[in-house]
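Residue numbers (UniProt numbering): 1 to 347.
Structure (structure tokens):
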């Protein structure tokens, strides 16, 4: 069996439905006095959007930033989606409604990203990346404007980079001369491979991502010391851990046939230890789960998405928001983890 600190994604149908109905009964008994426990109206095939928005609107540091009013920005077209996001966040946290409509956000976001303007199913992770990029661009401009920078771009920092950006280092060693080259690279989302087609854990996915790889043949590197293309090993490590770390699982088989994997993935609620994948000087290596976006596939639909969020208001519940019925054959998409110390201090 699985420990209480981890949850197998695929469960028996009876247990999955019992858990879902239990959550619904508890939510029905909750009053609107609990901020943030607000549903989002499905605008027709926008469950992927709602799931991502619910996750973002449950992350305490991001919520605090928006509810503080520090997010005021210029009313430029390219920033309208950030303004609409802030207004939606405010509506969801006022605790006045059982659900709100994301229509205004969807409308302005669709103008920035026409592919999402159609009310059709889309990839939740692609939508998340676009939302984070929009927010980063909006608030990066504000910071440089307030600081009086002439470039209009400042140092490229924003609330998004502060919360979500980490840094990897790829150590590349030439197998001929043994010279080691470091290549740092920033990340917002870590896309992890799934190493098994039957059962694995999130830790297994991390092990697969961070294991050393050998570059040969067409993947050889140009060694500056040898001045020729050479075989090499490459190993990634985290040199700067973000305040909120996001993992995305690659749901397709690596065999080239684009087949979705039906792997059972177990993931920890608490004490996700990233220290095996960091350098000794890296801080914040133990995390707790904040939210999960899950994409489901079932006979009548191409896919669906829901958000499972850990409640940080100390009311002792986990909450699951979903627009449609679902079955147990789904695929995990995206995890949001906060540092364990921050989660334990907030409850």
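Don't be surprised by glycine CBs; every beta carbon is placed ideally from N, CA and C.
**Report entry** Environment of residue 149 [buried if 16+ CB atoms lie within 10 Å]
**Finding:** Summary for residue 149: the model assigns pLDDT 45, below 50, so the residue's position carries little reliability; its value from the coordinates is reported in the next sentence. Label assigned to residue 149: exposed.
Query raised in the report: In terms of residues, what are the limits of the beta strand (DSSP E) holding residue 271?
Result: Looking at the DSSP string, residue 271 is not in any beta strand (DSSP E), and its letter there is neither H nor E.
Query - Simplified DSSP assignment, three categories, for residue 112 - result: helix
Query raised in the report: Based on the DSSP output, what are the partners of residue 368 in its beta bridges?
Result: Coverage of the chain is limited to positions 1 through 347, which leaves residue 368 absent and any answer about it impossible.
Query - Nearest candidate by alpha-carbon position, reference residue 231, set 93, 80, 156, 174 - result: 174
Query raised in the report: The beta strand (DSSP E) with residue 213 in it runs from where to where?
Result: Run containing residue 213: 213–215, per the beta strand (DSSP E) assignment.
**Report entry** residue 236, DSSP secondary structure in three states
**Finding:** strand
Query raised in the report: How would you call residue 198, buried or exposed, if buried means at least 16 neighbouring beta carbons within 10 angstroms?
Result: Flag for residue 198 reads exposed.
Query raised in the report: On the premise that residue 51 lies in contact with residue 293, defined as a C-beta separation below 8 Å, what is that separation, rounded to the nearest angstrom?
Result: 5 Å
Query raised in the report: Between the C-alpha atoms of residue 59 and residue 65, what's the straight-line distance to the nearest angstrom?
Result: 10 Å
Query raised in the report: Sorry if obvious, but does the Cβ on residue 102 come closer than 6 Å to a heavy atom of the ligand MN?
Result: Within the structure as shown, the ligand MN is missing, as the structure has no ligands at all.
Report task. Specify whether the stretch 210–221 and the stretch 159–166 touch according to this definition: at least 3 beta carbon pairs, one from each stretch, less than 8 Å apart. Result -> no
Query - Test item: CB-CB of residue 206 and residue 249 under 7 Å - result: no
Query - Neighbourhood of residue 338 by C-beta distance below 7 Å, restricted to the same chain and skipping five residues each side - result: 244, 287, 288, 290
Query raised in the report: Across which residues does DSSP place residue 182 in a beta bridge pair?
Result: 171
Requested in this report: My understanding is that residue 237 touches residue 168, with C-beta atoms under 8 Å, so please give their C-beta distance in whole angstroms.
Outcome: Residue 237 to residue 168, Cβ: 7 Å. Contact.
Report task. Could you tell me which uninterrupted beta strand (DSSP E) segments, each at least 3 residues in length, are contained entirely in the stretch 41–128, listed from first to last along the chain? Result -> none
Query raised in the report: Under the rule that 16 or more other beta-carbon atoms within 10 Å means buried, what is residue 140, buried or exposed?
Result: Counting Cβ neighbours within 10 Å, residue 140 comes out buried, since at least 16 surround it.
Query - residue 286 in three-state terms, based on DSSP - result: strand
Query - Host alpha helix (DSSP H) of residue 161 (start-end) - result: 159–164
**Report entry** Closest by C-alpha distance to residue 80, when choosing among 68, 96, 106
**Finding:** 106
**Report entry** Buried/exposed call for residue 213, threshold 16 Cβ in 10 Å
**Finding:** exposed
Requested in this report: With a 10 Å radius around its C-beta and 16 neighbouring C-beta atoms as the bar for buried, classify residue 134 as buried or exposed.
Outcome: buried
Report task. For residue 112, count neighbouring C-beta atoms within 10 Å of its own C-beta (all shown protein chains included) and say buried if the count is 16 or more, exposed if not. Result -> Result: buried.
**Report entry** Where residue 165 falls, given that 16 or more other Cβ within 10 Å makes a residue buried
**Finding:** buried
Report task. Classify residue 241 as helix, strand or coil using the three-state DSSP reduction. Result -> coil
Query raised in the report: In chain order, what residues of the same chain have a beta carbon less than 6 Å from the beta carbon of residue 32, not counting five sequence neighbours either side?
Result: Confidence at residue 32 is low in this model, with a pLDDT of 46, below 50, so the placement of that residue is unreliable and no value is reported for it.
**Report entry** Check whether residue 277 and residue 210 have beta carbons under 7 Å apart
**Finding:** yes
Requested in this report: Note down the Cα distance separating residue 156 from residue 227, rounded to an integer number of angstroms.
Outcome: 35 Å
Query raised in the report: In or out: residue 71 buried (at least 16 other Cβ within 10 Å) or exposed?
Result: buried
Query raised in the report: For residue 182, which residues from the same chain have a beta carbon less than 7 Å from its beta carbon, with the 5 sequence-adjacent residues on both sides left out?
Result: 169, 171
**Report entry** Cutoff 8 Å; reference residue 88; Cβ partners in own chain excluding five residues on either side
**Finding:** 53, 57, 100, 102, 104, 105
Requested in this report: Please say whether residue 92 and residue 38 have beta carbons closer to each other than 7 Å?
Outcome: A Cβ-Cβ contact shorter than 7 Å links residue 38 with residue 92.
**Report entry** Helix, strand or coil at residue 132 [DSSP, three-state]
**Finding:** DSSP places residue 132 within a helical segment (H, G or I) once states are collapsed to three.
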